[in-house]
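Enquirer:
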Amino acid sequence: MKIAVVGKGGSGKTTTSGTTARLLARKGKRVIALDCDSNPNLGLSIGLSVAETDRLVSLRQRLDEEDAEHAPSAHEILERFGTLAPDGIQMAVVSRIDQYDPG
Amino acid sequence: MRIAVVGKGGTGKSVISGTLARVLARRGHKVLAMDVDTMPGLAFSLGLANQTGGILPEEMAEKQEKKGWKLKKGTRINTLVSKYSQVAADGVRYLQLGKLPDKLKPGSTMAFWYVLQRFKRNGWDMFADLAAGTRQPFSGWANSAEMLLLVIEPSAKSVLSVRRLAKLAQWPKRKRKKIPPEPPQVMLVANKLRSQDDLVLIQQGTKDLDLPIVAEIPFDSELAVGEQLGKALLDHRPNAAAVRTIEKLANFLVEKTSNGLVQNKGESK
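In the order they appear, the protein sequences are chains V and X.
According to this note's numbering, the first sequence holds residues 44 to 146 in order.
According to this note's numbering, the second sequence holds residues 156 to 424 in order.
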């Protein structure tokens, strides 16, 4: 299954996504959790610490830094740049704005 | 004054900007409250049900020499503000520039904002309620404010968000337009405080940012009831402690920003 979670700010998107991901993982599903918010906080709801959440570098940024000629497969990207979260979830941040004028 | 309000979703940006706008309007200020969020919610805090928005592209002219839009010759900014804004509670003028009807292209509305920046001394106090998150606020809107209010609530997520926003606000290599010449002053507004511990959490989490907390707004469960009904804080709970705190914040803004003057002496150009 591929689920996207949307809604007004503060309504609980992140909490719902994080908790659902963990419950599914506990049932034995292989879960990939992607934070697509430019202000990514999913790490906190999935059970990572503040420091770990803050350290997550976006895939986009990592790919920009890497040699674009050798863009790896989706799986490889997750392996290399994702983080292992509680209950075996593979988690990654898609895009984070760290600079005023990102390319 | 030109104030932009940013923060994590649900922290109270709209309620705070809407209430500030109305408090100042009641004191005789000419206030323009702009919702620049693609999910506009400011109208509720201004007692409006209707949220139509945008400036029609034909009001603006495309620049010939370079990319972009400008105000059509002979058009006055005050005319456009009157034409496209709605009169909200307490006489606040409300402009919705975030979510546009399908036929409107964002270009002309964004351009209108750039035009608005130049009308620093036309007597309006301007409040911009910006989108949640970090992407939109800093691709234009937040940079033209003279003061940036970062709304923070006592939660790890909100603290983390404010840390990111503060960093973006200080970003040294911003391609700033010449107007305004100064980068915005950045201040924290603490909201939904239930206890001293809540304040301490915020203070600890933002200590190294060295940003002043200019308002400590207490949590009010009645506010949630107002939200359920879609009623503005000022109408639903006019005597709430939160309102008192926002009134004090309004005093502070008048003191610390330019043009904090009551404009009753006729229209300026």
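Glycine is no exception: its CB is placed at the ideal position from the N, C-alpha and C atoms.
Since the structure is predicted, the reported quantities are computational estimates derived from the model, not experimental observations.
For the stretch 84 to 99 of chain V, which residues have a beta carbon sitting closer than 7 Å to at least one beta carbon of chain X?
Expert: Within the stretch 84 to 99 of chain V, the qualifying residues are Asn84, Leu87, Val93, Thr96 and Asp97.
Enquirer: In three-state terms, what does DSSP make of X/Gly173?
Expert: Here residue 173 of chain X refers to the residue found at position 18 of the second sequence. In the structure shown, X/Gly173 sits in a helix (DSSP, three-state: H, G or I).
Enquirer: Could you run through the stretch 350 to 381 of chain X and flag, in chain order, every residue whose CB is less than 9 Å away from some CB of chain V?
Expert: Within the stretch 350 to 381 of chain X, the residues whose Cβ lies closer than 9 Å to some Cβ of chain V are Gly360, listed in chain order.
Enquirer: Relative to the C-alpha of X/Arg349, which residue among X/Ser240, X/Ala397 and X/Gly164 is closest?
Expert: The residue labelled residue 349 of chain X in the question sits at position 194 within the second sequence. Taking only the C-alpha atoms, the option nearest X/Arg349 is X/Ala397.
Enquirer: Is X/Thr166 close to chain V? Criterion is C-beta to C-beta, closer than 9 Å.
Expert: Translated into positions along the second sequence, residue 166 of chain X becomes position 11. Answer yes: the Cβ-Cβ gap between X/Thr166 and chain V drops below 9 Å somewhere.
Enquirer: Starting from V/Gly61, find everything on chain X with Cβ-Cβ shorter than 9 Å and list it in chain order.
Expert: In the first sequence, counting from the first residue as 1, residue 61 of chain V sits at position 18. The contacting residues do not exist; V/Gly61 stays about 11 Å from chain X at best.
Enquirer: Residue range of the alpha helix (DSSP H) that X/Ala198 falls in?
Expert: The count along the second sequence starts at 1 and reaches residue 198 of chain X at position 43. Run containing X/Ala198: Leu197 to Ser200, per the alpha helix (DSSP H) assignment.
Enquirer: Pairing CB atoms from the stretch 367 to 374 of chain X with CB atoms from the stretch 401 to 412 of chain X, are three or more of them under 8 Å?
Expert: Output reads yes: the stretch 401 to 412 of chain X touches the stretch 367 to 374 of chain X.
Enquirer: Please report the residue range of the alpha helix (DSSP H) in which X/Glu371 lies.
Expert: Within the second sequence, residue 371 of chain X is the residue found at index 216, counting from 1. Counting along the chain, X/Glu371 falls outside any alpha helix (DSSP H), though it belongs to the beta strand (DSSP E) covering Ile368 to Pro373.
Enquirer: Specify, as a first and last residue, the run of the alpha helix (DSSP H) that V/Ala128 falls within.
Expert: Translated into positions along the first sequence, residue 128 of chain V becomes position 85. Segment Thr126 to Ala128 is the beta strand (DSSP E) holding V/Ala128; no alpha helix (DSSP H) there.
Enquirer: Using CA atoms only, rank isn't needed, just tell me which of V/Ser60, V/Ser138 and V/Thr57 is closest to V/Gln104.
Expert: Indexing the first sequence from 1 puts residue 104 of chain V at position 61. Considering only alpha carbons, the answer is V/Ser138.
Enquirer: Nearest to X/Pro339 by CA position, among X/Lys312, X/Ser240 and X/Thr412, is which residue?
Expert: By 1-based counting over the second sequence, the position of residue 339 of chain X is 184. The residue with the shortest Cα to Cα distance from X/Pro339 is X/Thr412.
Enquirer: Would the stretch 162 to 180 of chain X and the stretch 299 to 317 of chain X be scored as touching if the rule is three or more Cβ pairs under 8 Å?
Expert: Contact holds: three or more Cβ-Cβ distances are below 8 Å.
Enquirer: Would V/Asp107 count as contacting chain X if we go by Cβ distances under 9 Å?
Expert: Working through the first sequence from its first residue, we reach residue 107 of chain V at position 64. Output row for V/Asp107: interface = no.
Enquirer: Could you tell me which of X/Glu214, X/Val242 and X/Glu382 sits nearest to X/Leu203, measuring between CA atoms?
Expert: For this step, residue 203 of chain X is matched to residue 48 along the second sequence. Checked all of X/Glu214, X/Val242 and X/Glu382; the closest Cα to X/Leu203 is X/Val242.
Enquirer: Examine the Cβ distances between the stretch 208 to 216 of chain X and the stretch 226 to 239 of chain X and report whether three or more of them are shorter than 8 Å.
Expert: Output reads yes: the stretch 226 to 239 of chain X touches the stretch 208 to 216 of chain X.
Enquirer: Kindly indicate which residue of V/Lys45, V/Val49 and V/Ile89 has the alpha-carbon position closest to the one of V/Asp80.
Expert: Start at 1 with the first residue of the first sequence, and residue 80 of chain V comes out as number 37. Residue V/Val49 is the option with its Cα nearest to V/Asp80.
Enquirer: Taking only the alpha-carbon atoms, compute the straight-line gap between X/Glu382 and X/Ser169 and give it to the nearest angstrom.
Expert: Position 227 of the second sequence holds residue 382 of chain X. Position 14 of the second sequence holds residue 169 of chain X. For X/Glu382 and X/Ser169, the distance between alpha carbons rounds to 11 Å.
Enquirer: Taking the alpha carbon of X/Gly288 as the reference point, which residue from X/Met194, X/His391 and X/Leu187 has its own alpha carbon closest?
Expert: Along the second sequence, read from residue 1 onward, the residue named residue 288 of chain X stands at position 133. Nearest of X/Met194, X/His391 and X/Leu187 to X/Gly288, Cα basis: X/Met194.
Enquirer: In terms of residue numbering, what span does the alpha helix (DSSP H) encompassing X/Gln359 cover?
Expert: Position 204 of the second sequence holds residue 359 of chain X. It spans Gln351 to Thr361 - the alpha helix (DSSP H) in which X/Gln359 sits, taken as one unbroken run.
Enquirer: With 9 Å as the threshold, decide whether the Cβ of V/Ser54 is near any Cβ in chain X.
Expert: The sequence position of residue 54 of chain V within the first sequence is 11, counting from 1. Yes, V/Ser54 counts as interfacial toward chain X.
Enquirer: Given V/Arg37, which residues of its chain have a CB within under 8 Å of its CB, disregarding the five upstream and five downstream residues?
Expert: Outside the shown range of chain V (44 to 146) lies residue 37 of chain V, about which nothing can therefore be said.
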